[in-house]
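Accompanying notes for the structure given below.
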Amino acid sequence: MNRTTALFVALAILLGHALAIHQNLAGEIAPPFDFAYVAFRVARNLVQAGEFGWETGVFGLDSYPSVLWVGVAAIAERLYLPVNQLAQFVGLGCAFACVLVLARFSPERLAGVIAPLLFVFSGGVASAALSGLETSMLALWILIAFLAYERGARGWMTAGLVLATLTRPQGFVFVLLLL
-8 MNRTTALFVA LAILLGHALA IHQNLAGEIA PPFDFAYVAF RVARNLVQAG
42 EFGWETGVFG LDSYPSVLWV GVAAIAERLY LPVNQLAQFV GLGCAFACVL
92 VLARFSPERL AGVIAPLLFV FSGGVASAAL SGLETSMLAL WILIAFLAYE
142 RGARGWMTAG LVLATLTRPQ GFVFVLLLL
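Positions -8 to 170 (the numbering used here) are the ones given, in order, by the sequence shown.
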């Protein structure tokens, strides 16, 4: 089995694992986790009223810590796309990208697919992929920053860390770690 086949299998496993975990009682894809609706409401208020907050008329940076995820939801809201499905699609896409970035840590060896394969078997990763939350996106930015750090690409590392910090405040911990 070559690397490409192994990575394709890893992506298929992640998709199957995520779909198996994130189901409702009818066996359909479940809606996003409850906490995701905070970002969706803040995004709706941002698009409709031009205010970043839970309630219109009240400044609320404390409403939701992920500026980037509110931005993703606001784009969906502005384009009249279903915010729930778009958030889940972006989360799954970020989880897929994490698998591919993990494979880049050791691109010349077949053993370099061990980390992506272990990654896709994680229940937390599979759950986060379709949760509607920014968890997969944060993991992607951190992986990009670590890969760039390993390769000495300071610009990519900085971009990854900035995006990680915009995704979740915990991204700042990785800024301190890699500086």
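Note that beta-carbon positions come from the ideal geometry of N, C-alpha and C, so glycine has one too.
- Put simply, the backbone Cα of ASN(-7) is about 17 Å away from that of ILE4.
- Between ALA106 and LEU124, the CB-CB gap reaches or exceeds 7 Å.
- Collapsing the DSSP output to three states places GLN161 in coil.
- By the Cβ criterion, the segment 86 to 104 is in contact with the segment 130 to 139, since at least three pairs of Cβ atoms, one from each stretch, lie closer than 8 Å.
- With contacts defined as CB atoms closer than 7 Å, LEU121 and GLN79 qualify as a contacting pair.
- In this structure, the CA atom of LEU169 is about 43 Å from the CA atom of GLY18.
- Per DSSP, the continuous alpha helix (DSSP H) segment holding LEU83 begins and ends at 74 to 94.
- Remark: fewer than three beta-carbon pairs, one from each stretch, lie closer than 8 Å, so the segment 56 to 65 and the segment 95 to 104 are not flagged as touching.
- A direct Cα-Cα distance of roughly 11 Å separates ASN15 from PHE24.
- Spanning the alpha carbons of LEU6 and PRO73 requires a straight line of approximately 21 Å.
- Here the alpha carbon of THR158 sits roughly 25 Å from the alpha carbon of LEU108.
- Residue pairing by DSSP places GLN14 opposite ILE20 in a beta bridge.
- Sequence-distant Cβ neighbours of GLN161 in its own chain, meaning closer than 6 Å and more than five residues away, do not exist here.
- The Cβ-Cβ distance between TRP60 and ALA88 does not fall below 7 Å.
- Sequence-distant Cβ neighbours of HIS8 in its own chain, meaning closer than 6 Å and more than five residues away, are ALA117.
- Contact between ALA119 and GLY82 is confirmed by a C-beta separation of about 7 Å, below the 8 Å threshold.
- Secondary structure note for GLY114: its alpha helix (DSSP H) is the uninterrupted segment 114 to 120.
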